[in-house]
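>
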Amino acid sequence: MEQVQHKFVTARGLKFHIAELGNGSNVVLFLHGFPEIWYSWRHQMIALSNAGFRTLAPDYRGYGLSDIPPEPEKTTFADIVADLVAILDHLGVTKVFVVAKDFGARPAYLLTLLHPDRVSGIITLGVPHVPLEPRKWGDTLPEGFYISRWKEPGRAEADFGRFDAKTVVRNVYILFSRSEIPIASENQEVMDLVDPSIPLPPWFTEEDLATYGALYEKSGFKTALQVPYRSFDEDFGIADPIVKVPALLIMGCKDYVFKFPGMEEYIKLGKAKELVPNLDIIYLPEGTHFVQEQSPEVVNELILDFLQGRSSV
Numbered sequence: 188m189e190q191v192q193h194k195f196v197t198a199r200g201l202k203f204h205i206a207e208l209g210n211g212s213n214v215v216l217f218l219h220g221f222p223e224i225w226y227s228w229r230h231q232m233i234a235l236s237n238a239g240f241r242t243l244a245p246d247y248r249g250y251g252l253s254d255i256p257p258e259p260e261k262t263t264f265a266d267i268v269a270d271l272v273a274i275l276d277h278l279g280v281t282k283v284f285v286v287a288k289d290f291g292a293r294p295a296y297l298l299t300l301l302h303p304d305r306v307s308g309i310i311t312l313g314v315p316h317v318p319l320e321p322r323k324w325g326d327t328l329p330e331g332f333y334i335s336r337w338k339e340p341g342r343a344e345a346d347f348g349r350f351d352a353k354t355v356v357r358n359v360y361i362l363f364s365r366s367e368i369p370i371a372s373e374n375q376e377v378m379d380l381v382d383p384s385i386p387l388p389p390w391f392t393e394e395d396l397a398t399y400g401a402l403y404e405k406s407g408f409k410t411a412l413q414v415p416y417r418s419f420d421e422d423f424g425i426a427d428p429i430v431k432v433p434a435l436l437i438m439g440c441k442d443y444v445f446k447f448p449g450m451e452e453y454i455k456l457g458k459a460k461e462l463v464p465n466l467d468i469i470y471l472p473e474g475t476h477f478v479q480e481q482s483p484e485v486v487n488e489l490i491l492d493f494l495q496g497r498s499s500v
């Protein structure tokens with residue numbers, strides 16, 4: 188990864204870390220999920236830069252090498268979107284294609300809805316665009332549902348705090364690469380769902396884990412627990428929720444997200460296209476929640492097919 192350039196941009200009172208590769212006129216903005224970071228896009232940045240695109244992969248506020256905000260518990264999705272606009276303005280980038288993973292789908296689509304002149308197209312992996320009203324997953328899933336646990340102030344902090352950052356990332360990668368939703372029993376914490384003897388997924392190396400661990404050792408998890416898990420109920424005041432730009436959803440068929448109540452029907456029976464009329468959906472039969480790291484060549488080809496048909500490259 189020596190070819191990736193790293194820079195810091197000061198915006199909205201914080202210093203943001205940006206990984207950058209390529210110098211084409213078409214710019215691709217990569218937005219990570221959790222427990223990911225800019226590094227989760229390493230394979231895509233190389234492939235797209237080789238194809239003539241300029242790629243940008245920021246760490247959100249409070250993540251990785253970006254500054255931790257003074258009050259992490261007050262961070263919102265609106266902050267993330269405003270940060271992205273400020274970063275693009277600082278870099279002199281007027282318009283981007285957005286590629287987002289996991290909860291990164293929400294700021295990606297919010298950026299598209301709130302600043303439609305800034306986005307040419309959008310690709311999300313693992314999570315579709317869903318209605319912006321509060322989600323009620325916890326009403327239909329057991330008390331030990333991981334999002335319900337992590338929404339509770341202090342619960343995840345105590346759970347994670349028993350381990351170093353590298354072990355937390357390891358456990359979450361193992362849990363989220365399975366096809367079942369992580370649900371703890373009544374007297375069990377989410378981290379206890381992973382036995383220490385369970386190996387990492389074969390596509391995720393010890394070197395990868397060390398990189399993630401070092402970045403989260405620096406940032407901690409306070410902001411990561413606030414956004415996304417404690418910020419899903421925000422009201423963005425968006426009158427028109429219909430996304431006008433071309434969009435692509437890449438879903439692994441073994442992604443645990445399909446097990447969320449109603450999610451498989453929402454994606455496969457056409458409901459997802461009600462909010463995103465120009466949406467194409469591609470399924471990867473063996474794909475898990477981490478398809479961009481699990482099957483980078485396949486995902487790179489899908490992304491490039493989408494971009495090259497809609498750019499000047």
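In this note's numbering, the protein residues as written are 188 to 500.
We put the CB at the ideal spot given by N, CA and C, even for glycine.
(1) Look up Gln479 in the DSSP assignment and say whether it is helix, strand or coil.
(2) State whether the segment 384 to 394 contacts the segment 352 to 372, with contact taken as three or more CB pairs (one from each stretch) at a distance under 8 Å.
(3) Less than 7 Å between C-beta atoms, sequence neighbours within five positions excluded: which residues of the same chain meet that for Ala295?
(4) I'd like the ranges of any alpha helix (DSSP H) spanning at least 4 consecutive residues and lying wholly in the segment 376 to 438.
(5) Are Gly220 and Asp289 closer than 9 Å when you measure CB to CB?
(6) Return the chain-ordered ranges of every alpha helix (DSSP H) run that is complete within the segment 269 to 314 and spans a minimum of 4 residues.
(7) Whole angstroms are fine: how far does the CA of Met438 sit from the CA of Lys455?
(8) Cα separation between Ser406 and Leu201?
(9) Determine which residues share a DSSP beta bridge with Arg524 and list them.
(10) Suppose you measure from the CA of Leu412 to the CA of Phe203; what does that come to, to the nearest Å?
(11) Is it buried or exposed for Gln375, if we count other Cβ within 10 angstroms and need 16 for buried?
(12) Restricting to Cα atoms, I'd like to know which of Ile267, Ser253, Gly249, Ser372 is closest to Pro259.
(13) Give a yes or no on whether the C-beta atoms belonging to Lys261 and Ile368 are separated by under 9 Å.
(14) Alpha carbon to alpha carbon, how far is Asp346 from Asn213? Give it in angstroms, no decimals.
(15) Roughly how many whole angstroms lie between the Cα atoms of Val500 and Phe350?
(16) Mind checking Glu320: buried by the 16 CB within 10 Å criterion, or exposed?
(17) Pick from Asn210, Glu189, Gly331: whose alpha carbon is nearest that of Val280?
(18) Report the three-state DSSP secondary structure of Phe203 (helix, strand or coil).
(19) Go ahead and pull the three-state DSSP assignment for Ile255.
(20) Of the residues Leu298, Gln231, Val314, Leu252, which one's Cα is nearest the Cα of Ser307?
(21) Got a sec: does the ligand ZN put a non-hydrogen atom nearer than 8 Å to the Cβ of Ala206?
(22) Within its chain, find whatever has a CB closer than 7 Å to the CB of Ile224; leave out the 5 residues flanking it on each side and keep chain order.
(23) To the nearest angstrom, how far is the alpha carbon of Pro472 from that of His277?
(24) What whole-angstrom Cβ distance do Pro415 and Arg293 have, given they're in contact under 8 Å?
According to the structure data:
(1) Numbered from 1 along the sequence shown, position 292 holds the residue referred to as residue 479. In the three-state reduction of the DSSP assignment, Gln479 falls in the helix class, which pools H, G and I.
(2) With three or more CB-CB distances shorter than 8 Å, the segment 384 to 394 counts as touching the segment 352 to 372.
(3) On the sequence shown, residue 295 is found 108 positions in, with the first residue counted as 1. Taken in chain order, the residues that qualify are Leu218, Val285, Ala287, Ile309, Thr311.
(4) The qualifying runs are 393 to 406.
(5) In the sequence shown, the residue the question calls residue 220 occupies position 33. In the sequence shown, the residue the question calls residue 289 occupies position 102. For Gly220 and Asp289, yes; Cβs fall inside 9 Å.
(6) Correct list: 292 to 301.
(7) By one-based count along the sequence shown, residue 455 stands at place 268. By one-based count along the sequence shown, residue 438 stands at place 251. Distance between Lys455 and Met438, taken at the CA atoms: about 11 Å.
(8) Here residue 406 refers to the residue found at position 219 when the sequence shown is read from its first residue. Here residue 201 refers to the residue found at position 14 when the sequence shown is read from its first residue. The straight-line gap separating the alpha-carbon atoms of Ser406 and Leu201 is approximately 14 Å.
(9) In the structure as shown, the chain starts at 188 and stops at 500, and residue 524 therefore has no counterpart that could be examined.
(10) Within the sequence shown, numbered from 1, the residue matching residue 412 stands at position 225. Within the sequence shown, numbered from 1, the residue matching residue 203 stands at position 16. About 19 Å.
(11) By 1-based counting over the sequence shown, the position of residue 375 is 188. By the neighbour-count definition (other C-beta atoms within 10 Å, threshold 16), Gln375 is an exposed residue.
(12) Position 72 of the sequence shown, counted from the start, is the residue given in the question as residue 259. Taking only the C-alpha atoms, the option nearest Pro259 is Gly249.
(13) By 1-based counting over the sequence shown, the position of residue 261 is 74. By 1-based counting over the sequence shown, the position of residue 368 is 181. Contact: no.
(14) Position 26 of the sequence shown, counted from the start, is the residue given in the question as residue 213. Position 159 of the sequence shown, counted from the start, is the residue given in the question as residue 346. Near 43 Å, if we compare the C-alpha coordinates of Asp346 and Asn213.
(15) Counted from its first residue, the sequence shown places residue 500 at position 313. Counted from its first residue, the sequence shown places residue 350 at position 163. Reliability fails at Val500, whose pLDDT of 49 lies under 50, so the model's placement of it is uncertain and the value that follows must be treated cautiously. Val500 and Phe350: Cα-Cα distance of roughly 46 Å.
(16) Translated into the one-based positions of the sequence shown, residue 320 becomes position 133. By the neighbour-count rule (16 or more Cβ atoms within 10 Å), Glu320 is not buried but exposed.
(17) Taking the first residue of the sequence shown as position 1, residue 280 is located at position 93. Ranking Asn210, Glu189, Gly331 by Cα distance to Val280 puts Asn210 first.
(18) Along the sequence shown, read from residue 1 onward, the residue named residue 203 stands at position 16. Strand, per DSSP.
(19) The residue labelled residue 255 in the question sits at position 68 within the sequence shown. The answer is coil: DSSP assigns Ile255 none of H, G, I, E or B.
(20) Within the sequence shown, residue 307 is the residue found at index 120, counting from 1. Taking the Cα of Ser307 as reference, the smallest distance to any Cα among Leu298, Gln231, Val314, Leu252 is reached at Leu298.
(21) Judged by which ligands are present, the structure shown has none, so any question about the ligand ZN falls away.
(22) For the purposes of this step, residue 224 is taken as the residue at position 37 of the sequence shown. These residues qualify, in order along the chain: Asp246, Tyr250, Gly251, Tyr399, Leu402.
(23) Locating residue 472 in the sequence shown gives position 285, where the first residue counts as 1. Locating residue 277 in the sequence shown gives position 90, where the first residue counts as 1. So the alpha carbons of these two residues sit roughly 40 Å apart.
(24) Residue 415 sits at position 228 when you count from the first residue of the sequence shown. Residue 293 sits at position 106 when you count from the first residue of the sequence shown. About 7 Å separates the two Cβ atoms, so the contact holds.
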